[in-house]
Every structure is written in C-alpha cells, then in structure tokens.
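**Student:** Dumping the structure here so I can ask a few things about it.
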Amino acid sequence: MKKLTLLTVVLLAFSVSSFAETMWRPVLYLGGGASVPTGNFKDGFKTGYNFASSFGFEYHSSLELLGELSYSRFPLDQTKSLATEPLGTSVDGGAARVLNIGGAVRYYFTPGSALSKFRPYILGRLGVAHLSQADMTIVGLDGTTINSFSGSTKFTYAIGAGTNIDLNRNLGLWVEGKFDGISTPLHKTDYVPIQAGIRYIFGKE
26 MKKLTLLTVV LLAFSVSSFA ETMWRPVLYL GGGASVPTGN FKDGFKTGYN
76 FASSFGFEYH SSLELLGELS YSRFPLDQTK SLATEPLGTS VDGGAARVLN
126 IGGAVRYYFT PGSALSKFRP YILGRLGVAH LSQADMTIVG LDGTTINSFS
176 GSTKFTYAIG AGTNIDLNRN LGLWVEGKFD GISTPLHKTD YVPIQAGIRY
226 IFGKE
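If you read the sequence shown in the working numbering, its first letter stands for residue 26, the second for the next number, and so on.
Here it is, written out as structure tokens:
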C-alpha cells in the first residue's frame, strides 16, 4: 500500500512537472510609450503617453492568453480648441484619459529557439474602456469658465502586431503597435498606441 501511494505521488509530481514544462507558463509584460489619436479624436487632442501591463499564460511558445490593463492620457490641443474663441482667450486642462481593461490573444509566427531571438506576433483584444476628461478652465474677456465632464464606460477592441526579442530563456523585450477602437459615436476616441517594454516568462530553466 505504501509503495502504491509513493508511486502515485511520484507519477503525480512528474505529470505536474511535465505540464508546467511543456504546456502553460505564466508570463508578465510591463511597458509604455506614445498614444497617437486618429480620426475625429485628433481634432481636439494631441499625442499623449501610455502605461501598460499584462499577465497571462504562454502555450507551447506559440500562443498567449493575457489579461491587459493600460492607461493613456491625451493633452488638449489648445490651438484647435481656441480656433473659434475670441482673441485673448486662454484654456488650461481638459486632457482626455482612457483606462482599458480586457482579455487578449497573441499568436507567434516563430516559436522561440536559440536560432530565433526575434519572434513576430499578431494580437487581438476585447474589453471595456473608461473614458474621462479633466476639468477645463477657459479664461476670456467675459471672465473665467470651468467646464466639467462626466466619465463613461464603453466597449473596446484592438488589433495589432509586434515582436518579442528574447534576451535569455526568461527575459526579453517587446515592441508593438496596435489600433484601439472604442465604441463611441463617430469614432471620436480611436487611437494608436506605440509601445515597448520588458517581458518575463516564469518556469523556464
């Protein structure tokens, strides 16, 4: 009985070890970069910055399932905002902010190996985005006006491509660009994040 129990424990440990080694491995991404507004969005806001993090699992070095969190901030384009205002008017604040939460899939064309440090991939993401805008202060000949804006949460999607650059078995760099679309009227908040950062995969020896 003891031998059978010991054999069961050994086989279970071997199975778990084999699963961890050959199937799913935890992976972490951290990075940031520039966020470029497009379409109607660029008529009121300038290129801003973003921060992003992802955590999920890699399958056989060719597929990843990830949970993503990102934050983008876009400064108000004061020149365009004042185009219809009387001469001498000034504006302050009014930056747009986007907080994205979603699930993503990455597919790699070249599985990692000693001969292939560059691993190009395509990606897709679905999620929700919380949109908000900072208070905007307008100072003109008639006095000072402070405009406040309410936030909203919308469905969002993204498609893009990038590449990982493996530095060793666990650590690497990544660079990517994607199109972020948010379901607002007339595509008012579509933008292109251009990002880079570090990637760490757990469990590789």
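The C-beta atom is built at its ideal place from N, Cα and C for all residues, glycine as well.
Is DSSP giving residue 228 helix, strand or coil here?
**Tutor:** For the purposes of this step, residue 228 is taken as the residue at position 203 of the sequence shown. DSSP places residue 228 in coil when its eight states are reduced to three.
**Student:** To which residues does DSSP link residue 100 through a beta bridge?
**Tutor:** One-based indexing of the sequence shown puts residue 100 at position 75. According to DSSP, which records beta bridges pairwise, residue 100 is partnered with nothing at all.
**Student:** In chain order, what residues of the same chain have a beta carbon less than 6 Å from the beta carbon of residue 76, not counting five sequence neighbours either side?
**Tutor:** Position 51 of the sequence shown, counting from 1, holds the residue named residue 76. Cβ within range, chain order: 57, 96.
**Student:** If residue 125 sits next to residue 152, beta carbons under 8 Å apart, how far is it from one beta carbon to the other, in whole angstroms?
**Tutor:** The residue labelled residue 125 in the question sits at position 100 within the sequence shown. The residue labelled residue 152 in the question sits at position 127 within the sequence shown. The pair is a contact, with the Cβ atoms about 6 Å apart (cut-off 8 Å).
**Student:** In this structure, does DSSP put residue 36 in helix, strand or coil?
**Tutor:** For the purposes of this step, residue 36 is identified with residue 11 of the sequence shown, where counting begins at 1. Here the model assigns residue 36 a pLDDT of 40, short of 50, so the residue's position is not dependable, and the following value carries that caveat. Residue 36: helix per DSSP, three-state reduction.
**Student:** Within this structure, are the beta carbons of residue 183 and residue 147 separated by less than 7 Å?
**Tutor:** Locating residue 183 in the sequence shown gives position 158, counting from the first residue. Locating residue 147 in the sequence shown gives position 122, counting from the first residue. Against a cut-off of 7 Å, the Cβ pair of residue 147 and residue 183 comes out as no contact.
**Student:** Since residue 226 contacts residue 52 with CB under 8 Å, what's their CB separation in whole angstroms?
**Tutor:** Position 201 of the sequence shown holds residue 226. Position 27 of the sequence shown holds residue 52. Yes, residue 226 and residue 52 are in contact; Cβ-Cβ is about 5 Å, under 8 Å.
**Student:** Out of 54, 68, 72, 115, point me to the one whose CA is closest to residue 61's CA.
**Tutor:** Here residue 61 is taken as the residue at index 36 of the sequence shown, counted from 1. Per the Cα distances, 72.
**Student:** Verify whether the separation of the beta carbon atoms of residue 215 and residue 63 is less than 7 Å.
**Tutor:** For this step, residue 215 is matched to residue 190 along the sequence shown. For this step, residue 63 is matched to residue 38 along the sequence shown. It is a contact, given that the beta carbons lie within the stated cut-off.
**Student:** What did DSSP end up calling residue 189 once you bin it into helix, strand or coil?
**Tutor:** Walking along the sequence shown from the start, residue 189 turns up at place 164. Looking at residue 189 - three-state DSSP - the assignment turns out to be strand.
**Student:** Please report how far the alpha carbon of residue 228 lies from the alpha carbon of residue 221, in whole angstroms.
**Tutor:** Here the question's residue 228 lines up with position 203 in the sequence shown. Here the question's residue 221 lines up with position 196 in the sequence shown. Whole-angstrom Cα-Cα distance: 23 Å.
**Student:** How should residue 194 be labelled, buried or exposed, when 16 other C-beta atoms within 10 angstroms of its C-beta is the threshold for buried?
**Tutor:** Residue numbering aside, residue 194 sits at position 169 when the sequence shown is read from its first letter. The residue is exposed, with fewer than 16 neighbouring Cβ atoms inside 10 Å.
**Student:** With a 10 Å radius around its C-beta and 16 neighbouring C-beta atoms as the bar for buried, classify residue 105 as buried or exposed.
**Tutor:** In the sequence shown, counting from the first residue as 1, residue 105 sits at position 80. Exposed, because fewer than 16 other Cβ atoms sit within 10 Å of the Cβ of residue 105.
**Student:** What residue does the beta strand (DSSP E) around residue 51 start on, and which one ends it?
**Tutor:** Numbered from its first residue, the sequence shown carries residue 51 at position 26. Start and end: 49-62.
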